[in-house]
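Undergrad:
Residue numbers (our numbering): 102 to 207.
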């Protein structure tokens, strides 16, 4: 058991990040965005990959499917020009894992 695990048990806090064994997801940039924004994804292993953009009510607004994607760093440009100003959530799914982050459109 690591020192971090011991401390987490004592104070009841665990470090939650958007990194896992399969992939990591950057915050979109620029954020806030106007016309387009980029999401960078680093895959440790080849995997089926998709990005969905939803509004805060949970309605899916957009879906970008990349299919079986090789390991490495991949940048996805999202066309935000048709989205209304507001806050959106984007979920990156690779295999059975997913990460959700917030995106602001001006």
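Backbone N, C-alpha and C define an ideal beta-carbon position, used for all residues, glycine too.
As the structure is a prediction and not an experimental result, all values here were calculated from the model.
1. Between the alpha carbons of residue 147 and residue 188, how many angstroms are there, rounded?
2. How big is the Cα-Cα spacing for residue 152 and residue 133?
3. Quick check: the Cα distance between residue 170 and residue 129, rounded to an integer number of angstroms?
4. Am I right that residue 142 and residue 205 are in contact with their C-beta atoms under 8 Å? What's the rounded C-beta distance?
5. CB-CB under 8 Å to residue 157, same chain, minus the five flanking residues each way: which ones, in chain order?
6. Return the CA-CA distance between residue 182 and residue 123, expressed in angstroms with no decimal places.
TA: Judging by the given coordinates:
1. Mapped onto the chain shown, residue 147 falls at position 46. Mapped onto the chain shown, residue 188 falls at position 87. Approximately 31 Å, taken between the alpha carbons.
2. Here residue 152 refers to the residue found at position 51 when the chain shown is read from its first residue. Here residue 133 refers to the residue found at position 32 when the chain shown is read from its first residue. Straight-line Cα distance between these residues: approximately 18 Å.
3. Locating residue 170 in the chain shown gives position 69, where the first residue counts as 1. Locating residue 129 in the chain shown gives position 28, where the first residue counts as 1. Looking at the two C-alpha atoms, the distance is approximately 19 Å.
4. Along the chain shown, read from residue 1 onward, the residue named residue 142 stands at position 41. Along the chain shown, read from residue 1 onward, the residue named residue 205 stands at position 104. About 19 Å separates the two Cβ atoms, so there is no contact after all.
5. Against the chain shown, residue 157 aligns to sequence position 56. Here the set comprises 187, 188, 189, 190.
6. Position 81 of the chain shown holds residue 182. Position 22 of the chain shown holds residue 123. If I take the Cα positions, the gap works out to 31 Å.
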